[in-house]
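These notes concern the structure reproduced below.
Protein chains: 2
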Amino acid sequence: MITRFYLEDFEPGAVVETAGHLFTEEEILRFARDFDPQSHHTDPDAARASIYGGIIASGWHTCSVMMRLMCDAYLLESAGMGSPGVEEIRWLLPVRPGDTLRGKRTVLSARVSGSKPDRGIVKMHWEGFNQRDELVVSVRSIAFVKRRPLG
Amino acid sequence: MITRFYLEDFEPGAVVETAGHLFTEEEILRFARDFDPQSHHTDPDAARASIYGGIIASGWHTCSVMMRLMCDAYLLESAGMGSPGVEEIRWLLPVRPGDTLRGKRTVLSARVSGSKPDRGIVKMHWEGFNQRDELVVSVRSIAFVKRRPLG
Numbered sequence: 002m003i004t005r006f007y008l009e010d011f012e013p014g015a016v017v018e019t020a021g022h023l024f025t026e027e028e029i030l031r032f033a034r035d036f037d038p039q040s041h042h043t044d045p046d047a048a049r050a051s052i053y054g055g056i057i058a059s060g061w062h063t064c065s066v067m068m069r070l071m072c073d074a075y076l077l078e079s080a081g082m083g084s085p086g087v088e089e090i091r092w093l094l095p096v097r098p099g100d101t102l103r104g105k106r107t108v109l110s111a112r113v114s115g116s117k118p119d120r121g122i123v124k125m126h127w128e129g130f131n132q133r134d135e136l137v138v139s140v141r142s143i144a145f146v147k148r149r150p151l152g
Numbered sequence: 002m003i004t005r006f007y008l009e010d011f012e013p014g015a016v017v018e019t020a021g022h023l024f025t026e027e028e029i030l031r032f033a034r035d036f037d038p039q040s041h042h043t044d045p046d047a048a049r050a051s052i053y054g055g056i057i058a059s060g061w062h063t064c065s066v067m068m069r070l071m072c073d074a075y076l077l078e079s080a081g082m083g084s085p086g087v088e089e090i091r092w093l094l095p096v097r098p099g100d101t102l103r104g105k106r107t108v109l110s111a112r113v114s115g116s117k118p119d120r121g122i123v124k125m126h127w128e129g130f131n132q133r134d135e136l137v138v139s140v141r142s143i144a145f146v147k148r149r150p151l152g
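These protein sequences, in sequence, are chains X and F.
Heads up, the first sequence is in my numbering, so the first residue is 2 and it goes up one at a time.
Heads up, the second sequence is in my numbering, so the first residue is 2 and it goes up one at a time.
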């Protein structure tokens with residue numbers, strides 16, 4: 002993968018839209034059995050009787066799929082150097098089998114690091130929408146991104 | 002799974018320690034190929050040449066494993082009703098193949114919901130330590146938990 006995007010390309014306000022990802026029931030159950038085996042994620046009968054009325058994806062699954070959508074949309078072509086963390090996640094609506102999630106990334110701020118001048122710190126807002134254009138997840142993420150080499 | 006823990010059992014300051022989870026290289030690569038295919042997570046050669054000096058787990062993988070450790074330690078026996086989100090994640094140190102992660106949960110606050118008096122909102126601090134007792138991940142999580150039924 003060729004690096005196309007450096008710190009200078011993350012201008013505040015810049016938006017990237019991702020492709021969509023269809024959540025199947027099988028995939029929701031598989032993730033949840035590995036990582037989040039609460040019954041509203043793994044047991045269709047218990048989920049039906051719960052406040053959710055049926056299986057919903059683990060919030061960590063939703064975030065992991067958002068990460069993948071962002072990787073494919075811009076991150077794999079960016080000079081990323083990892084992340085110190087996330088400022089906030091909001092799981093606003095359930096993600097159910099048959100839902101398609103698509104992401105939108107908006108750059109909030111970008112600045113050169115004070116201690117490591119070869120890189121900068123980019124703050125972004127990731128929003129995930131379902132096929133009815135409802136906002137289902139909001140993530141305020143942070144990334145280290147290399148500055149564009151001179152010459 | 003029998004429900005043992007209700008809102009009243011989440012007293013501020015209460016600590017639960019989890020079991021440990023060994024991260025294998027195969028598992029790190031598998032998660033990353035699905036959800037976070039940046040080369041420092043998926044390509045041993047590229048990872049060796051990166052600032053990380055070798056394969057490291059995706060931060061979303063680390064958080065998902067923390068979720069599983071918390072499920073097994075107390076959540077599956079709690080009257081949990083899902084989560085509105087997370088207040089902060091800090092990925093403080095890399096998690097590498099061969100590392101064992103264990104979690105510690107501390108209740109920060111617990112209060113009855115103003116709008117839905119059958120449940121409460123619990124704020125917790127999850128900390129993940131490696132086999133050298135270094136803090137590698139910190140998550141400030143939020144959960145909805147049912148109040149103990151009367152009688």
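Beta carbons: idealized from backbone N, C-alpha and C, even for Gly.
Contact with chain F by residue i, beta-carbon distance below 8 Å
| i | result |
| --- | --- |
| residue 88 of chain X | yes |
| residue 45 of chain X | no |
| residue 39 of chain X | yes |
| residue 110 of chain X | no |
| residue 150 of chain X | no |
| residue 130 of chain X | no |
| residue 81 of chain X | yes |
| residue 52 of chain X | yes |
| residue 24 of chain X | no |
Cβ-based burial, residue i [other Cβ within 10 Å; buried from 16]
| i | result |
| --- | --- |
| residue 80 of chain X | buried |
| residue 112 of chain F | exposed |
| residue 115 of chain F | exposed |
| residue 120 of chain F | buried |
| residue 16 of chain X | exposed |
| residue 37 of chain X | buried |
| residue 132 of chain X | exposed |
| residue 134 of chain X | exposed |
| residue 83 of chain X | buried |
| residue 110 of chain X | exposed |
| residue 67 of chain F | buried |
| residue 29 of chain F | buried |
| residue 95 of chain X | buried |
| residue 90 of chain X | buried |
| residue 76 of chain F | buried |
| residue 122 of chain X | buried |
is_contact[residue i, chain X] using C-beta, thresh 8 Å
| i | result |
| --- | --- |
| residue 66 of chain F | yes |
| residue 10 of chain F | no |
| residue 76 of chain F | yes |
| residue 115 of chain F | no |
| residue 69 of chain F | yes |
| residue 61 of chain F | yes |
| residue 127 of chain F | no |
| residue 91 of chain F | yes |
| residue 85 of chain F | yes |
Beta strand (DSSP E) segment containing residue i, residue limits
| i | result |
| --- | --- |
| residue 111 of chain F | 101–113 |
| residue 153 of chain F | Because chain F in this structure spans residues 2 to 152, residue 153 of chain F falls outside the shown range and cannot be described. |
| residue 130 of chain F | 120–130 |
| residue 20 of chain F | 16–23 |
Residue i beta carbon near the ligand SAH (any heavy atom closer than 7 Å)
| i | result |
| --- | --- |
| residue 128 of chain X | Of the ligands one can find in the structure shown there are none, so the ligand SAH has no counterpart to examine. |
Span of the alpha helix (DSSP H), counted from its first residue to its last, around residue i
| i | result |
| --- | --- |
| residue 45 of chain F | 45–50 |
| residue 29 of chain X | 26–36 |
Interface partners of residue i on chain A, CB under 7 Å
| i | result |
| --- | --- |
| residue 6 of chain F | In the displayed structure, chain A is absent; the protein chains listed are X and F. |
- Query: Taking one C-beta from the stretch 67–76 of chain F and one from the stretch 134–150 of chain X each time, how about it: are there three or more such pairs within less than 8 Å?
  - Reply: no
- Contained alpha helix (DSSP H) runs [length at least 4] in the stretch 58–98 of chain F, N- to C-terminal order: 60–74
- Query: Do three or more CB pairs link the stretch 130–140 of chain X to the stretch 104–119 of chain F at distances below 8 Å?
  - Reply: no
- Query: Does the stretch 52–70 of chain F come within contact of the stretch 20–39 of chain F, defined as at least 3 CB pairs closer than 8 Å?
  - Reply: yes
- Message: Below 8 Å, how does it come out for the stretch 41–48 of chain F and the stretch 3–16 of chain X: are there three or more Cβ pairs, yes or no?
- Response: no
- Message: Within 8 Å, do at least three Cβ pairs link the stretch 22–31 of chain F to the stretch 117–130 of chain X?
- Response: no
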